[in-house]
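Read through the structure below, which is laid out as structure tokens, and then see the notes.
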Amino acid sequence: MKRNLLFLICLFSFWGSYSQLSVNNNLTPTQLIQNVLLGGGVTVSNVKFNGNFANANAIRDQAGNFTNGSTTNLGIDQGIILATGKVMIPPGPPNQQPVAGPNNTGGATNTSVSTNYIDADLAQIDSDLDNAAVLEFDFVPNGQTLTFQYVFASEEYPEFVNSYNDAFGFFLSGPGIAGPFSNGAVNIATIPSTTLPVTIDNVNNGNTNSGPCTNCAYYVNNGTGLTPAVNSTIQYDGFTTVLTATATVQCGQTYHIKLAIGNVLDNALDSGVFLKSGSFNVQTINFPTDLLIANGQALCPGESTQLCTGLAASVPHTWTVDGVVIPGETTPCLTVTQPGTYCATAYPYGPGCPVSDCVVIEYQPPIPINPPANLCHGPAVSAFDISVNTPTMLGSLPAGNYDIYYYTSYADALSSSNPILNTTSYPGIDGEIIYVRVDDVASSGCYLIVAFSLTINATCGPEPVQPPNLTVCDDSSNDGSAIFDFTPQTAIAMGANDPADFTLTYHLSQADADSGSNPISPINNFVGTDGQTIYIRLESNTDATAFGTTSFQLFINPVPTASISGTTTICSGGTAMVTFTGTPGA
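Just remember that my numbering sits 65 ahead of the position in the sequence shown, which is counted from 1.
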């Protein structure tokens, strides 16, 4: 640490001008490991902070979690932080700033935490230690390569390059590892492609940030505190780029790792290490984020996606959906066409060490439109109004929630290219297929493509619904004729056709119905005969050649008659049988 330091107290602050980290220390060290740092394929136990389990299960000033890093120049959005001072104090006078905030204090310190814990591995780097923060735990990897991402930061940058270096390291021990630290541990906090440890002396751009460069490709100049870098948002004067700690481990074996940092000589200037959330893992399968409606990633109806483990085709795989094994799926990739929770289990290291991952895939609900109607007109009409299908498809749906366009090819509909512009007067040809693209612009962002046909034919027209036959009783004349009211038949025969667009008439012959001649009038007082057939014509109001016909029959039941023959004497209180004869069903 710096022994003699001149502080310049500024009379103004830039705190309100920059985005900042959001730092909290409301989680215990154990919770920070289990809930924040830990990724996949690792089982953790025996968490300690500064040498004992009790410290790991209590809130510690030197350990916290951070978010909002994407708005800063840190390079990590969220994770945990270990510091040689307090990770959180209220913004105060110069030299007592938290780690989150603009770098404008000329080299600030967090208030001392006065810890006397001495870690043997940190002491091996420098014996004059103070304010150490040591977070350690056992873990069992479910794979062969351990990785996690971090940033080392210090207020000793840049003035004390090649002078004082706070002690820092990630000390890993366990099967297959042999190093100079306790229990044969090695320090895996190293400069990429080297065995050099990450230290201030090993990563810098000189003590004035102007050279000479020492691995400065991995160094972020965050200013001197007196002249902060533009938009600097982290209190530390300098820090590394995002680095990756990596080590080869043995699947299923127990390892121990120690994440450690400490002040050297005094507490004038602090250092810290930021560790990326969820990055401590050995998982060899890493599916994407769950595809959910809630996060806007759900698939659209009919859409598919492919899940791949990234493992070799020779590695045995088992795929499940909602806990049920998918028969025949044993390769690294699976095409998903239905919603569910999909899991892959693979055995790249043998049957005793499986790796697995799961992802939840949801689908947006279908766009609830009605099917479009096929359109037809006779030769006398020169164009189609294809836009009539828009209200047909929408029904009661809010029109503002959907974009509807018509196309002459499926490819154009798929790419939203070359929509038909004259939808109310489209010339069309007989047998042409029109494609409609419906986009849900209000919620899901999905689209649907449907189609309908155009027909030009002298006999084309609407199809009336065949109504039921009409039956009435004859009057007292019993002459086989009666009065019928066709009014109830009209609504039935019209069906789903709009009465505003079509005219329905009744006729005595099929020939009259086909030609539209001699319509029956009035329809509510027609004198019909038993067994007579009535013909219906449904005609388009815009095209007299577009019509359809159907028919129904009239039936008249005669008034029943009865005759009594013979005489019978019946005493008072007695009984007798009287027999009537007449027409059955009359």
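Glycine included, each C-beta is placed from N, C-alpha and C at the ideal position.
Nearest neighbour of residue i, chosen from the options [CA to CA]
i	options	result
T354	N196, L364, D505	L364
Y412	G208, T400, I485, S344	G208
G259	N270, L211, V216, A312	Looking at the sequence provided, one finds Thr at residue 259 rather than Gly. If we check each option's Cα against that of T259, A312 comes out closest.
Q429	D142, L440, G405, G249	G405
P527	P492, T568, A232, D539	T568
D566	I585, Q618, F612, S238	F612
L462	P532, T410, V506	V506
L189	G239, S247, P625	Checking the sequence shown, residue 189 turns out to be Gln, not Leu. Ranking the options by Cα distance to Q189, first place goes to S247.
N454	A359, Y500, G105	Y500
A282	D550, Q300, P257	P257
V338	N466, Q143, A438	Q143
T402	L356, P564, A128, F591	L356
I451	P444, T555, A438	A438
A561	L603, G596, P533	L603
S616	D579, P277, S605	D579
D540	H572, S518, G510, D595	D595
P262	T309, V285, I299	T309
A609	T570, Q597, V537	T570
Q531	G510, L519, S508, T555	T555
N133	A148, N122, N89	N89
I621	G581, F345, I299, Q597	Q597
N488	S481, Y472, V503, S238	It is worth fixing the name first, because residue 488 is Thr in this sequence and not Asn. Comparing Cα-Cα distances from T488 to each of S481, Y472, V503, S238, the minimum goes to Y472.
P366	N280, N543, A121, S509	S509
Nearest-angstrom Cα separation, counted from residue j out to residue i
i	j	result
F118	Y222	33 Å
L334	G327	11 Å
Q683	I521	Only positions 66 to 651 of the chain appear in the structure, and residue 683 is not among them; the question remains open.
V109	T383	26 Å
Y229	A197	16 Å
G639	Q618	49 Å
C525	S474	24 Å
S586	D577	14 Å
T264	A478	59 Å
N351	D422	6 Å
V446	E497	16 Å
W80	A232	Caution is warranted here: a pLDDT of 35 is assigned to W80, below 50, making its placement in the model unreliable, and the coordinate value is therefore given only provisionally. Whole-angstrom Cα-Cα distance: 29 Å.
V251	L340	19 Å
N435	P456	9 Å
Y600	F591	13 Å
A185	G415	37 Å
D203	R125	20 Å
Y301	C373	41 Å
P397	S336	44 Å
S389	I494	Sequence check: residue 389 is Val here, not Ser. Distance between the alpha carbons of V389 and I494: 51 Å.
L103	K323	14 Å
P392	A378	17 Å
T174	N360	Its pLDDT being 41, under 50, T174 is placed unreliably by the model, and the measurement read from it follows with that caveat. Using only the alpha carbons, I get a separation of about 40 Å.
V216	T305	5 Å
I145	E201	14 Å
Residue range of the unbroken beta strand (DSSP E) whose run includes residue i
i	result
I322	320-329
I601	598-605
F131	128-132
Y475	Careful: Y475 lies outside any beta strand (DSSP E), inside the alpha helix (DSSP H) at 475-480.
P187	The displayed chain sequence assigns Leu, not Pro, to residue 187. From DSSP, L187 is part of no beta strand (DSSP E) but of the alpha helix (DSSP H) over 185-190.
A556	Run containing A556: none in the beta strand (DSSP E); it sits in the alpha helix (DSSP H), 552-559.
K113	107-114
Y284	284-286
T279	Run containing T279: none; DSSP gives neither H nor E here.
V592	591-594
V386	382-386
Test: residue i CB closer than 8 Å to a CB of chain C
i	result
V109	Protein chain content of the structure displayed is limited to a single chain, and chain C is not contained in it.
Residue interval of the alpha helix (DSSP H) (run including residue i)
i	result
F352	Run containing F352: none; DSSP gives neither H nor E here.
S616	Looking at the DSSP string, S616 is not in any alpha helix (DSSP H); the run it does join, the beta strand (DSSP E), is 612-622.
F118	118-121
A576	575-580
DSSP beta-bridge partners of residue i
i	result
D413	Checking the displayed sequence, the identity of residue 413 turns out to be Pro instead of Asp. According to DSSP, which records beta bridges pairwise, P413 is partnered with nothing at all.
L261	According to DSSP, which records beta bridges pairwise, L261 is partnered with nothing at all.
G144	F131, K341
G405	I426
S238	H321
T309	Q214
D195	N328
L54	No information on residue 54 is available, as it lies outside the stretch 66 to 651 that the chain covers here.
C373	C398
L200	F114, L324
A243	Its beta-bridge partners do not exist; DSSP assigns none.
Task: beta strand (DSSP E) runs contained entirely in the stretch 202-228, provided each spans 3 or more residues - done: Runs of the beta strand (DSSP E) lying entirely within the stretch 202-228, each at least 3 residues long, are 210-219 in chain order.
* Whole runs of the alpha helix (DSSP H) within the stretch 494-569, excluding any shorter than 4 residues -> 552-559
### Runs of alpha helix (DSSP H) wholly within the stretch 416-470 (minimum 4 residues, chain order)
454-459
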